[in-house]
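Chains as they are written, first to last, in this note's numbering: chain A, 1460 to 1648; chain B, 1460 to 1648. Glycine included, each C-beta is placed from N, C-alpha and C at the ideal position.
2 protein chains.
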Amino acid sequence: MKNLSPLVQNFVLHFGEMGSRWGINRTVGQIYALLYLSDRPLNADEIAEALDFSRSNVSMGLKELESWRLVRLQHLPGDRREFFSAPEDVWLIFKTLAEERKKRELDPTLSMLRDAVITEASEPGDKFAQQRMKAMHDLIELVSSWFTDVHKLDQETLVQLMKLGSRVHKLLEFKGKLMIVPGGRKSTT
Amino acid sequence: MKNLSPLVQNFVLHFGEMGSRWGINRTVGQIYALLYLSDRPLNADEIAEALDFSRSNVSMGLKELESWRLVRLQHLPGDRREFFSAPEDVWLIFKTLAEERKKRELDPTLSMLRDAVITEASEPGDKFAQQRMKAMHDLIELVSSWFTDVHKLDQETLVQLMKLGSRVHKLLEFKGKLMIVPGGRKSTT
DNA sequence: CAAACTTTTCAGTAATTACTGAAATTACAG
DNA sequence: CTGTAATTTCAGTAATTACTGAAAAGTTTG
Chain A
1460 MKNLSPLVQN FVLHFGEMGS RWGINRTVGQ IYALLYLSDR PLNADEIAEA
1510 LDFSRSNVSM GLKELESWRL VRLQHLPGDR REFFSAPEDV WLIFKTLAEE
1560 RKKRELDPTL SMLRDAVITE ASEPGDKFAQ QRMKAMHDLI ELVSSWFTDV
1610 HKLDQETLVQ LMKLGSRVHK LLEFKGKLMI VPGGRKSTT
Chain B
1460 MKNLSPLVQN FVLHFGEMGS RWGINRTVGQ IYALLYLSDR PLNADEIAEA
1510 LDFSRSNVSM GLKELESWRL VRLQHLPGDR REFFSAPEDV WLIFKTLAEE
1560 RKKRELDPTL SMLRDAVITE ASEPGDKFAQ QRMKAMHDLI ELVSSWFTDV
1610 HKLDQETLVQ LMKLGSRVHK LLEFKGKLMI VPGGRKSTT
């Protein structure tokens, strides 16, 4: 790691470790961290130089980050190399990350469970297993569609909701009272 | 894999793949999947037999699952072996998982960022990096405390909130109007 | 407290994943 | 088109992680 201040270096190393804690590997985590802290777009050679990785490793890492939509590719005037940067808006980053994780972790499981649940249980012992899968399916479906839903909210509202925290309970209680009208349950829309 | 119906086998294999997609390894994912679908607690030998793993591998896998608080150890009367089961309540499982991931993924990063931000920037280029870290810190802190907060809500309320989805916006808007009182911003509690 | 049973540890090995350098491909400028 | 600069691919290798069997440690029971 060349020319990186201890502050930056520490952050980069941390993200490397963190990366390998979930699916993504150390290299990719470090590249992202470097881009995130950089005040200007970097090209692949600069990244390879700064982190002391081979050029090809950087290439693969950037491809991975692009597949996560976590880096933006851009061109600088009068330079034919590709420059990369991390979006500045942390909320956008957070949303992208959540979306991608949903796509990779939740969606395939949901689809597998849907299939498993509609299949008629052939063996006698499968009855119980299917009940369990149904329970998991319903939970993931709820969480999943909530994710998609909340994603539509603008940042302002999202922050407001989060700051409200568990006091949202009061609000829901209040809403509950309002909604007790002839005809029972009623949509808020 | 012995004596597993195709239905169960498919689920187990899926969880194995899924497991290796984030930090946890294939073996651990499969053990958990098996326990989740089982209608009775299983001992280590049964798991090793069913999944065709070595006894020691099962032992390590179970330890890992225990560290995630995803399995419960229990003893059956008249049997001195240890039996394991996955909690039945899917909401509890979901909460545990969220909590553990927060502990492993968010908390260490938060603490690193806190330190990095309070450190006086020594090098000139660190000014920008620190701003970025501050932005990330604030976001993670907000999400993190929201997590902790929401965790306190009972399942009923949580489901209600999720079903509300993005319509929570309306509710917050409404609350906003209510709170416009002399003196400005006012707590809901 | 010894024998039988059960679980854990751990060194060695297998399997997987990450990384590199060289070659191939692609993109562009003259 | 041609030559040059830039990027990607990929086979080989390095590094890491997963898994096993054997031995050690821990538990229970008579």
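B:PHE1474 places its beta carbon less than 9 Å from that of B:ALA1492. A:ARG1539 sits exposed, since fewer than 16 C-beta atoms from the chains shown fall within 10 Å of its C-beta. According to the DSSP secondary-structure assignment, B:SER1544 is paired through a beta bridge with B:ARG1531. Between B:LEU1623 and B:LEU1612, the gap from beta carbon to beta carbon reaches 9 Å or more. Counting along the chain, A:PRO1567 sits inside the alpha helix (DSSP H) bounded by residues 1566–1577. Annotation: B:SER1625 is outside any alpha helix (DSSP H) and is labelled neither H nor E by DSSP. Around the C-beta of B:GLY1635, fewer than 16 other C-beta atoms lie within 10 Å, and the residue is accordingly described as exposed.
For A:ASN1502, the three-state secondary structure derived from DSSP is strand. Per DSSP, the continuous alpha helix (DSSP H) segment holding A:PRO1465 begins and ends at 1465–1480. In the displayed model, B:ALA1580 falls within coil according to three-state DSSP, outside both helix and strand. Counted as a single uninterrupted DSSP element, the stretch harbouring B:PHE1512 is not any alpha helix (DSSP H), since DSSP gives it neither H nor E.
Contacts with chain A (Cβ-Cβ distance below 7 Å) from the segment 1477–1490 of chain B involve MET1477, ARG1480, TRP1481 and GLY1482, listed in chain order. Put simply, the segment 1507–1525 of chain A does not touch the segment 1550–1564 of chain B. Fewer than three CB pairs are less than 8 Å apart. It is roughly 10 Å from the alpha-carbon of B:ILE1483 to the alpha-carbon of B:GLN1489. In this structure, the beta-carbon distance from B:VAL1517 to A:VAL1609 does not fall below 9 Å. The closest CA to that of A:PRO1567, considering only B:SER1625, B:MET1460, B:PRO1465 and B:ASN1469, is found on B:ASN1469. If you draw a straight line from the Cα of A:ALA1588 to the Cα of B:HIS1596, it comes to about 42 Å.
The DSSP-derived three-state label of A:SER1604 is helix. Going by DSSP, A:ILE1552 is part of the alpha helix (DSSP H) stretching over 1549–1560. Contact annotation for A:ALA1575 against chain B: LEU1466, ASN1469 and PHE1470 [CB-CB distance below 7 Å, chain order]. The beta carbon of A:LEU1524 sits no closer than 9 Å to any beta carbon of chain B. Shown here for B:SER1479: same chain residues with a beta carbon closer than 8 Å to its own, the five before and five after excluded, namely ARG1485 and GLY1488 in chain order.
For chain A, none of the residues of the segment 1517–1546 of chain B brings a beta carbon within less than 8 Å of one of its beta carbons.
In this structure, the alpha-carbon of B:LEU1496 lies about 11 Å from that of B:PRO1546. Shown in chain order are the members of the segment 1488–1507 of chain B whose Cβ falls below 9 Å from a Cβ of chain A: TYR1495, LEU1496, SER1497 and ASP1498.
The C-alpha of B:GLY1584 lies about 52 Å from the C-alpha of A:ALA1594. Residue nearest to B:GLU1632 within the set A:THR1616, A:LEU1535 and A:LEU1501 is A:THR1616 (criterion: CA-CA distance).
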